[in-house]
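Residue numbers (the numbering used here), protein chains in the order written: chain A, 466 to 832; chain B, 104 to 390; chain C, 4 to 258.
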Amino acid sequence: MTNLVVLLGCLVLASLAASARARADVRRGAGAALLALLLIAPLLSDTTSILFDALTAMCIAYGWNVIGGYTGYASFGNVAYLGLGAFVAAGFMSRQPGHLALPWFVAIPLAVGIVSVVALAVGLAVLRLRGHYFSIATLGVAIAMPELINWDFAFGPDGVVPNFFGGGRPLNFPLVPDAQLGGLALGADRYLFYYLGLLTAVVGFSATLLLSRSKLGYALVAIRENEDAAEALGINTTAMKSLAYVLSAALAALGGAVVGYKLTNMTTEADALFSITNNLQMIVITLIGGPGSIWGPAIGAFILFAIQEGLRSVSNSSLFLEWQAAVFSLLIIVVVLFLPRGLMEFLRGRERFTWRRLLRNLTANRV
Amino acid sequence: MDLVQHVLNGLLQGFIFAIIGLGFSMVWGILNIINLAHAAFIMLAAYLTYFLWAGPGVDPFVALPLVMAALFVLGYVIQSRIINLVMRASVLTTFLLTFGMEALLVNVALRLFTADNRQTKPSYANVSLALGDLHLPYTQLGAVVVALVVTCLLYLFLDRTRTGSSIRAVGQNKVAASLIGIDLGRTYALTFAISAALAGAAGTLLSTTSGFSPPSFGIFNILAFSVVVLGGLGSIPGALAGGLVFGLVSEFAGTYALQEREVVVFAVLVLVLVLRPTGLLGREGYR
Amino acid sequence: MTLAAEPLLAVRSATRRFGGLYAVNDVTFELGQGEILGLIGPNGAGKTTLVNLVTGSMRPSGGTIVFAGTVLNGLRPHRVGRLGVARTFQVVRPFANLTVRENVGVGAMYGAGGHRRSAREALRTADEILEFVHLGSRRDDPAESLTIVGRKRLELAKALAMEPRLLLLDEVMAGLRGAEIDEAIELVRAIHARGVTLIVIEHVMKVIVGVCSRVIVLDYGRKIAEGTPAQITVDPAVVEAYLGKKYAQGRPRAD
Chain A
466 MTNLVVLLGC LVLASLAASA RARADVRRGA GAALLALLLI APLLSDTTSI LFDALTAMCI
526 AYGWNVIGGY TGYASFGNVA YLGLGAFVAA GFMSRQPGHL ALPWFVAIPL AVGIVSVVAL
586 AVGLAVLRLR GHYFSIATLG VAIAMPELIN WDFAFGPDGV VPNFFGGGRP LNFPLVPDAQ
646 LGGLALGADR YLFYYLGLLT AVVGFSATLL LSRSKLGYAL VAIRENEDAA EALGINTTAM
706 KSLAYVLSAA LAALGGAVVG YKLTNMTTEA DALFSITNNL QMIVITLIGG PGSIWGPAIG
766 AFILFAIQEG LRSVSNSSLF LEWQAAVFSL LIIVVVLFLP RGLMEFLRGR ERFTWRRLLR
826 NLTANRV
Chain B
104 MDLVQHVLNG LLQGFIFAII GLGFSMVWGI LNIINLAHAA FIMLAAYLTY FLWAGPGVDP
164 FVALPLVMAA LFVLGYVIQS RIINLVMRAS VLTTFLLTFG MEALLVNVAL RLFTADNRQT
224 KPSYANVSLA LGDLHLPYTQ LGAVVVALVV TCLLYLFLDR TRTGSSIRAV GQNKVAASLI
284 GIDLGRTYAL TFAISAALAG AAGTLLSTTS GFSPPSFGIF NILAFSVVVL GGLGSIPGAL
344 AGGLVFGLVS EFAGTYALQE REVVVFAVLV LVLVLRPTGL LGREGYR
Chain C
4 MTLAAEPLLA VRSATRRFGG LYAVNDVTFE LGQGEILGLI GPNGAGKTTL VNLVTGSMRP
64 SGGTIVFAGT VLNGLRPHRV GRLGVARTFQ VVRPFANLTV RENVGVGAMY GAGGHRRSAR
124 EALRTADEIL EFVHLGSRRD DPAESLTIVG RKRLELAKAL AMEPRLLLLD EVMAGLRGAE
184 IDEAIELVRA IHARGVTLIV IEHVMKVIVG VCSRVIVLDY GRKIAEGTPA QITVDPAVVE
244 AYLGKKYAQG RPRAD
């Protein structure tokens, strides 16, 4: 119950911080309050798992937002980098024989770096395509990536980097023990992982904030609006798109690595990481909140997980989890039809939220 | 098994892929929509055929026209009620919509039908026509016959009938077509319905050739896309050629690189997209 | 005709083929610094294609294009833009979801002077340019809210933000009427006064006669005439291209 209250509180604060109609100092205050609320959350609630999920999902959605929202290239393959980030991090951190057992603050950035390089290579191929073609090609990347990890030639027992991803034997992150700070016991799940998750969300948010004010950010929006005109204005569209794609992959990898770290056992969780649910989730979150905006993914994540938590505390059954993917897909359909620009459309100040507006969105693009 | 048998298997399979590509290509060419729900339609058809066979014992090849008709109606309704709403929206919007629909259908199917492997096994299921050392399973031969018949009928329909011509007209220039009195909405719905019917045919045929469960149809979107890109958008012979090529690709990838079949298909696709975006036989309009 | 200094733009035997069709066929001309060159011809003559060849949107099938000593063949449009060549598009499509100011700001960020500027500085530069084209009052409005006249001015402003030495205007007057055309001509003259060399593609002869010192005429991809506005309006080849053989015999007055 506490978690639900926290999520709703975050939602309200985020919406206020994003609202164009509020005064600048009110918005800044809301943003600060939001951060404060998130910092003290573990003190308020016994289990912070759902908050962890929301924050890491937010980081990953921020990644999608860069390539799908700002640049207008809808990638359906970022889940590949999510999973790859987790596996590479696990490969570096595992304490099993043959692995380097690096500490997390080395292994995770390293994993993000490696995934970024992979994304650069992939990007050079897929970014030549536009629209539909690009989206399908990235879908293919999502399908192909799990196979890459199982590729015996590179990662099998006799491979180039033998058993880096386990190679048939289980691959685990090291277990994280509870910690002590003064007299306070800090449970690993409740505190340590939570703050790591919060860190990823802050990284995602900050990166987006910087992007939106930078020349790169403007270039990406220009590419989205009219790629040929952007090129004529002096924008190296290939380079900019590649940067956006790599950044989106990096954030996906960051979120994925931290999620994987908490899951610990990679062999059993592999399917869950590359799942279609994860693929859909980052897209739904961004769409609900508002693609191409600074606060969109945050608002979307808070809403989605508030709904999830609300349903869970009401029905308390595993039914929701089983039907989660189906519900997400329904959500995508609903959002695409009724809220094509996400909720940010209403927060940006030009429209009022009315049911009629939703209906108008529905029929605005008919034949 | 020797090389020729593999080639034969690949070609037999390729005819089904061709039908899949054909349906996908029609919606893409005429409505300019990448219909990711196409794979879901194939899935629904496969399950419908299965339940008709498992329950009342209807032979799949007899059920074929029924399943096609059912999918036709489903496609018509979905297009006219839902997809029509976003016809003038961006590519991303329609893509996401069909993506969402596909995910919804697959996940609901997963809940309702479970992930158990199904397959229709009519009495002649494991019987093959033997030509020397080669085996041609009757189910696959039947699939080839159906594929050829359906393709011919489609070609004749598009080329010789008034409705077919109006569909082609909309594909070439929808503004001009509507100006001369062609009802765009109805044409779109009809085209989508035909595409769904074609998916239905593919689903029925596939239900006999191997075991399936809801997630196993995901590959068909990429496959359909690849077939169309290779063969060229708007070309019926192109879809046929593309289907056969990918039938072979799939067969050889499945044999020599079992795990990585999907990767190989994807790799070939990317290769084609990068080297020859207009495909082997593509041209303007739809023929 | 000879120019004392090296020409700013030298196009030699530029050709662009599409299969068997020659959109631009062996076109040669030079442009000196500070000139205003008119480029006219019937629809489909290859004018926009020629512009595309210069700016890099299309690669020439043959010939060379040299701008201020640099060969433009094979360069991508953004590199050509940064060298100092800007263009407007015939069908004006601004960055709809950006404000007017941001639209122009992008040009200032990435054009010839872009590397010197931060995003904020570029937006300030945009303000100056918006004043120059009389769009200052619409600064913070979304670009899609502008009327056609406003959009044309915005298109000009974006190109100017790139600090071009050479500006190619592709039918900037299309869709404008009467007084709007006169205002646009004034703007073109003001841009020229700032030191920008111009190539103006137009169908509206009033504009060509009004601002251009020299005109070249294309038909079916070939250059069929070159001279002052007065000269080409009575050139029989030009009249024939526009009006057919019958009228070429007479001597229509230049209007």
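Cβ coordinates follow ideal geometry from the N, Cα and C atoms, glycine included.
Open item on the list: Any beta carbon from chain B within less than 9 Å of residue 761 of chain A's own beta carbon?
Closed with: Residue 761 of chain A sits at position 296 when you count from the first residue of the first sequence. Taking 9 Å as the CB threshold, residue 761 of chain A stays off the interface with chain B.
Open item on the list: In whole angstroms, give me the CA-to-CA distance for residue 662 of chain A and residue 636 of chain A.
Closed with: Start at 1 with the first residue of the first sequence, and residue 662 of chain A comes out as number 197. Start at 1 with the first residue of the first sequence, and residue 636 of chain A comes out as number 171. Computed Cα separation, rounded: 22 Å.
TODO: Tell me whether residue 632 of chain A sits in a helix, a strand or coil according to DSSP, three-state version.
DONE: As a first step, residue 632 of chain A must be located in the first sequence, where it is residue number 167. In this structure, residue 632 of chain A counts as coil in the three-state DSSP scheme.
Open item on the list: At the 9 Å Cβ level, is residue 702 of chain A part of the contact set with chain C, yes or no?
Closed with: Indexing the first sequence from 1 puts residue 702 of chain A at position 237. Cβ-Cβ to chain C under 9 Å: yes for residue 702 of chain A.
Task: Residue environment, residue 9 of chain C, which counts as buried when at least 16 other CB atoms sit within 10 Å - done: Here residue 9 of chain C refers to the residue found at position 6 of the third sequence. So residue 9 of chain C ends up on the exposed side.
- [ ] Report yes or no: is there a C-beta of chain C within less than 9 Å of the C-beta of residue 686 of chain A?
- [x] Residue 686 of chain A sits at position 221 when you count from the first residue of the first sequence. With 9 Å as the cut-off, residue 686 of chain A counts as an interface residue toward chain C.
Task: Own chain residues within Cβ distance below 8 Å of residue 621 of chain A, not counting five before or after - done: By 1-based counting over the first sequence, the position of residue 621 of chain A is 156. These residues qualify, in order along the chain: 627, 628, 632 and 633.
Task: Pairwise C-alpha distance: residue 46 of chain C and residue 151 of chain C - done: Within the third sequence, numbered from 1, the residue matching residue 151 of chain C stands at position 148. Within the third sequence, numbered from 1, the residue matching residue 46 of chain C stands at position 43. So the alpha carbons of these two residues sit roughly 22 Å apart.
Task: Residue(s) in a DSSP beta bridge with residue 24 of chain C - done: Sequence index remark: in the third sequence, residue 24 of chain C carries index 21 (1-based). Per DSSP, C/21.
- [ ] Kindly list, in the order they appear in chain B, the residues whose Cβ is closer than 7 Å to that of residue 600 of chain A.
- [x] As a working mapping, residue 600 of chain A is identified with position 135 in the first sequence. Within chain B, the residues near residue 600 of chain A are 198.
Open item on the list: Quick test of your reading: residue 100 of chain C and residue 145 of chain C, contact by CB under 8 Å. State the CB separation rounded to the nearest angstrom.
Closed with: As a working mapping, residue 100 of chain C is identified with position 97 in the third sequence. As a working mapping, residue 145 of chain C is identified with position 142 in the third sequence. Rounded to whole angstroms, the Cβ separation of residue 100 of chain C and residue 145 of chain C is 7 Å, and the two are in contact under 8 Å.
Open item on the list: So the candidates are C/147, C/137, C/141 and C/226; which of them puts its Cα closest to the Cα of residue 191 of chain C?
Closed with: Here the question's residue 191 of chain C lines up with position 188 in the third sequence. The residue with the shortest Cα to Cα distance from residue 191 of chain C is C/137.
Open item on the list: Can you check whether the C-beta of residue 180 of chain B is within less than 9 Å of a C-beta belonging to chain A?
Closed with: Counted from its first residue, the second sequence places residue 180 of chain B at position 77. Residue-level contact check: residue 180 of chain B does not touch chain A, since none of the beta carbons of chain A fall below 9 Å from its beta carbon.
Open item on the list: In this structure, how does DSSP classify residue 13 of chain C when only helix, strand and coil are distinguished?
Closed with: Along the third sequence, read from residue 1 onward, the residue named residue 13 of chain C stands at position 10. Residue 13 of chain C sits in a strand when the DSSP states are folded into three classes.
Task: Where the beta strand (DSSP E) containing residue 240 of chain B begins and where it ends - done: For the purposes of this step, residue 240 of chain B is identified with residue 137 of the second sequence, where counting begins at 1. For residue 240 of chain B, the enclosing beta strand (DSSP E) begins and ends at 237 to 240.
TODO: On a CA-only basis, which of A/512, A/565 and A/762 is nearest residue 671 of chain A? Give me that one, please.
DONE: Reading the first sequence from its first residue, position 206 is the one you call residue 671 of chain A. Considering only alpha carbons, the answer is A/762.
TODO: Report yes if the CB atom of residue 348 of chain B is closer than 9 Å to the CB atom of residue 367 of chain B, and no otherwise.
DONE: Working through the second sequence from its first residue, we reach residue 348 of chain B at position 245. Working through the second sequence from its first residue, we reach residue 367 of chain B at position 264. Result no, Cβ atoms of residue 348 of chain B and residue 367 of chain B do not sit closer than 9 Å.
- [ ] Give, in chain order, every residue of the segment 277 to 295 of chain B whose Cβ lies closer than 9 Å to some Cβ of chain A.
- [x] Within the segment 277 to 295 of chain B, the residues whose Cβ lies closer than 9 Å to any Cβ of chain A are, in chain order, 287, 288 and 291.
Task: Same chain, Cβ closer than 7 Å to residue 222 of chain C, five either side skipped, listed in chain order - done: One-based indexing of the third sequence puts residue 222 of chain C at position 219. The residues 44, 45, 48 and 244, in chain order, have a CB closer than 7 Å to that of residue 222 of chain C in the same chain once the five nearest residues on each side in sequence are set aside.
TODO: Select from the segment 50 to 73 of chain C all residues with a C-beta closer than 9 Å to any C-beta belonging to chain A, and list them in chain order.
DONE: Hits within the stretch, in order: 58, 59 and 60.
- [ ] Mark residue 818 of chain A as exposed unless 16 or more other C-beta atoms lie within 10 angstroms of its C-beta, in which case mark it buried.
- [x] Here residue 818 of chain A refers to the residue found at position 353 when the first sequence is read from its first residue. Classification of residue 818 of chain A: exposed, given that the 10 Å Cβ count is below 16.
- [ ] Using a Cβ cut-off of 8 Å, pull out every chain B residue sitting near residue 828 of chain A, in sequence order please.
- [x] Along the first sequence, one-based indexing puts residue 828 of chain A at 363. Contact annotation for residue 828 of chain A against chain B: 188 [CB-CB distance below 8 Å, chain order].
Task: Beta-carbon neighbours of residue 129 of chain B, restricted to chain A and to distances below 9 Å - done: As a working note, residue 129 of chain B is residue 26 in the second sequence. Within chain A, no residue has its beta carbon less than 9 Å from that of residue 129 of chain B; the closest one is some 15 Å off.
Task: Contact check, residue 211 of chain B vs residue 791 of chain A, beta carbons under 9 Å - done: Taking the first residue of the second sequence as 1, we reach residue 211 of chain B at position 108. Taking the first residue of the first sequence as 1, we reach residue 791 of chain A at position 326. Yes; because the gap between Cβ atoms is below 9 Å, this pair is in contact.
Open item on the list: Which residue marks the beginning of the alpha helix (DSSP H) containing residue 518 of chain A, and which one marks its end?
Closed with: Residue mapping note: residue 518 of chain A aligns to position 53 of the first sequence, counting from 1. Looking at the DSSP string, the run of the alpha helix (DSSP H) that includes residue 518 of chain A is 514 to 529.
Task: chain A residues whose Cβ lies nearer than 7 Å to that of residue 80 of chain C - done: Position 77 of the third sequence, counted from the first residue, corresponds to residue 80 of chain C. Under the 7 Å cutoff, chain A gives 696 and 697.
Task: residue 226 of chain C: first and last residue of the uninterrupted beta strand (DSSP E) it sits in - done: Against the third sequence, residue 226 of chain C aligns to sequence position 223. It spans 225 to 230 - the beta strand (DSSP E) in which residue 226 of chain C sits, taken as one unbroken run.
Task: Inter-residue Cα distance where the pair is residue 744 of chain A and residue 601 of chain A - done: Reading the first sequence from its first residue, position 279 is the one you call residue 744 of chain A. Reading the first sequence from its first residue, position 136 is the one you call residue 601 of chain A. Each residue's Cα considered, the two are about 13 Å apart.
Task: For residue 231 of chain B, the residue or residues it bridges with in DSSP - done: Working through the second sequence from its first residue, we reach residue 231 of chain B at position 128. DSSP, once it has assigned bridges, lists B/240 as partnering residue 231 of chain B.
Open item on the list: Closer than 8 Å is the cut-off here; do at least three beta carbon pairs connect the segment 609 to 624 of chain A with the segment 536 to 553 of chain A?
Closed with: Touching, yes.
- [ ] Taking all protein chains shown into account, decide if residue 374 of chain B is buried (16 or more other Cβ within 10 angstroms of its Cβ) or exposed.
- [x] The residue labelled residue 374 of chain B in the question sits at position 271 within the second sequence. Answer is exposed; the Cβ neighbour count stays below 16.
Task: Helix, strand or coil at residue 769 of chain A according to DSSP, with G and I counted as helix - done: Sequence index remark: in the first sequence, residue 769 of chain A carries index 304 (1-based). Three-state DSSP puts residue 769 of chain A in a helix.
Open item on the list: Whole angstroms are fine: how far does the CA of residue 544 of chain A sit from the CA of residue 228 of chain C?
Closed with: The residue labelled residue 228 of chain C in the question sits at position 225 within the third sequence. The residue labelled residue 544 of chain A in the question sits at position 79 within the first sequence. If I take the Cα positions, the gap works out to 60 Å.
TODO: Determine the contact status of residue 128 of chain B and residue 342 of chain B, defining contact as a CB-CB distance below 9 Å.
DONE: In the second sequence, the residue the question calls residue 128 of chain B occupies position 25. In the second sequence, the residue the question calls residue 342 of chain B occupies position 239. The answer is yes: Cβ separation under 9 Å.
TODO: Spell out whether any CB of chain A is found under 9 Å from the CB atom of residue 385 of chain B.
DONE: As a first step, residue 385 of chain B is located in the second sequence; it is residue number 282 there, counting from the start. Confidence at residue 385 of chain B is low in this model, with a pLDDT of 46, below 50, so the placement of that residue should be treated as unreliable; the coordinate-derived value is given next. Not one chain A Cβ lies under 9 Å of residue 385 of chain B.
Open item on the list: What residue range does the beta strand (DSSP E) around residue 444 of chain A cover?
Closed with: Residue 444 of chain A is absent from the structure shown; chain A starts at 466 and stops at 832.
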